[in-house]
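In full-length UniProt numbering, the protein residues as written are 1 to 389.
All C-beta atoms, glycine included, are put in the ideal place defined by N, C-alpha and C.
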């Protein structure tokens, strides 16, 4: 009985101790004493940014270090890093001018140290680096823009042309952080056209605008109603109701092509465009609800022929027009989609053809790999552009 009483008293004491404990995550006591200033300041100028190193004061209740600078437009930008850092990066500079950055230390009582001013002079901003690398050339239905982005900065490359009201305004914007890349602005007539190209960063800093006059190469959307499947030996079978013609029904949300589940990789199907043309581009649309997954094509070859061998072989009557690998803009794992992923899927995946591609009438769509590594192919629509003249 005495032992039970002792245990009971011990439990009561432990509970009382727990109740008396207070949250120690905040400061033990507030004070009005500001921390000392930073010392040992060093500056490393970077492209569009600067790295500032420092030595912290000896105060024990430091919370973070703050850096502030003002843009030429009067906007105050601020960077904060925790007390565990020994340097910080200020970024977003749009030129190579000299800027004053004000540094200070804040403690757990929100006391602010005396400020320390340091001069930085950023190197050429990434937007300007990319702008200076840009090369443009005529493309089917528009202009092609090639660029180099060595620092893999997050940038927008904007193409301008006159709109229907005669205003010189954006017609295409490509968002990128790739080291190298190219894209095309299209749907322009084959007449001399004034284009502009500039680069913008996420702080809305802009390069100057490259102005060029180019004549887009002629292309037109081919008539889908003339397109029909052609069944050749070696072509992959498909399910009833999921014929090749489903790819030309004009809908990207209903009516799918679907090869049988006994199919193998690689596999292909053949269709007649109904006209002979120099093909400029092909766009395919994935199955809605299954973007970048399951049996949508991922790695493909597009073959063309003016008069294919009826035995279904890939002999000299066929020529490889293009090979393409679809990529997911965000790089997120399967099943996860960013807004950029969804927008790219809705726009369709574009396969571009060389400017010197031969004129063909028949197309063979060969899938080397789908998104989930399975054995069959399932997607919704194909659109094609070219010159039938």
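Starting from residue i and walking both ways along the beta strand (DSSP E), at which residues does that stretch end?
{"i": "residue 275", "result": "267-285"}
{"i": "residue 162", "result": "155-162"}
{"i": "residue 35", "result": "Counting along the chain, residue 35 falls outside any beta strand (DSSP E), and DSSP gives it neither H nor E."}
{"i": "residue 113", "result": "Looking at the DSSP string, residue 113 is not in any beta strand (DSSP E), and its letter there is neither H nor E."}
{"i": "residue 385", "result": "381-387"}
{"i": "residue 172", "result": "168-176"}
{"i": "residue 65", "result": "62-70"}
{"i": "residue 297", "result": "297-305"}
{"i": "residue 51", "result": "49-55"}
{"i": "residue 322", "result": "319-325"}
Report the option in the options whose CA atom is closest to the CA atom of residue i.
{"i": "residue 303", "options": "201, 46, 365, 381", "result": "365"}
{"i": "residue 71", "options": "42, 322, 101", "result": "101"}
{"i": "residue 147", "options": "170, 137, 130", "result": "130"}
{"i": "residue 181", "options": "149, 153, 106, 369", "result": "149"}
{"i": "residue 235", "options": "248, 333, 241, 258", "result": "258"}
{"i": "residue 74", "options": "83, 99, 81, 238", "result": "99"}
{"i": "residue 83", "options": "104, 76, 77", "result": "104"}
{"i": "residue 354", "options": "369, 337, 324", "result": "324"}
{"i": "residue 116", "options": "224, 317, 245, 37", "result": "37"}
Give me the Cα-Cα distance between residue i and residue j, rounded to the nearest whole angstrom.
{"i": "residue 202", "j": "residue 95", "result": "14 Å"}
{"i": "residue 327", "j": "residue 90", "result": "33 Å"}
{"i": "residue 222", "j": "residue 356", "result": "18 Å"}
{"i": "residue 363", "j": "residue 305", "result": "7 Å"}
{"i": "residue 382", "j": "residue 45", "result": "50 Å"}
{"i": "residue 122", "j": "residue 271", "result": "56 Å"}
{"i": "residue 378", "j": "residue 385", "result": "22 Å"}
{"i": "residue 31", "j": "residue 97", "result": "40 Å"}
{"i": "residue 51", "j": "residue 162", "result": "42 Å"}
{"i": "residue 69", "j": "residue 367", "result": "54 Å"}
{"i": "residue 335", "j": "residue 33", "result": "52 Å"}
{"i": "residue 309", "j": "residue 315", "result": "7 Å"}
{"i": "residue 301", "j": "residue 120", "result": "52 Å"}
{"i": "residue 208", "j": "residue 135", "result": "15 Å"}
{"i": "residue 243", "j": "residue 321", "result": "24 Å"}
{"i": "residue 76", "j": "residue 177", "result": "26 Å"}
{"i": "residue 267", "j": "residue 172", "result": "35 Å"}
{"i": "residue 85", "j": "residue 152", "result": "24 Å"}
Between residue i and residue j, how many whole angstroms is the CB-CB distance? I'm expecting something under 8 Å.
{"i": "residue 53", "j": "residue 93", "result": "The Cβ separation is near 18 Å, so there is no contact."}
{"i": "residue 79", "j": "residue 67", "result": "5 Å"}
{"i": "residue 347", "j": "residue 329", "result": "Contact flag wrong, Cβ pair sits at about 11 Å."}
{"i": "residue 276", "j": "residue 206", "result": "Residue 276 to residue 206, Cβ: 45 Å. No contact."}
{"i": "residue 194", "j": "residue 213", "result": "5 Å"}
{"i": "residue 141", "j": "residue 280", "result": "7 Å"}
{"i": "residue 291", "j": "residue 345", "result": "4 Å"}
How far does the alpha helix (DSSP H) with residue i in it extend, from its first residue to its last?
{"i": "residue 131", "result": "126-133"}
{"i": "residue 339", "result": "339-347"}
Cβ of residue i versus every heavy atom of the ligand MN: is any distance shorter than 7 Å?
{"i": "residue 335", "result": "Looking at this structure, you won't find the ligand MN or any other ligand, since it has none at all."}
Practice task
Could you tell me whether the region 143-160 touches the region 192-206, where touching means 3 or more Cβ pairs closer than 8 Å?
Solution key: yes
Practice task
Check whether the region 101-118 touches the region 58-78, taking contact to mean three or more Cβ pairs, one atom from each stretch, closer than 8 Å.
Solution key: yes
Exercise for the section: Evaluate the contact criterion for the region 188-195 versus the region 212-222: three or more CB pairs, one atom per stretch, below 8 Å. Expected result: yes
Exercise for the section: May I ask you to verify whether the region 256-264 touches the region 165-173, counting CB pairs closer than 8 Å and requiring at least 3? Expected result: no
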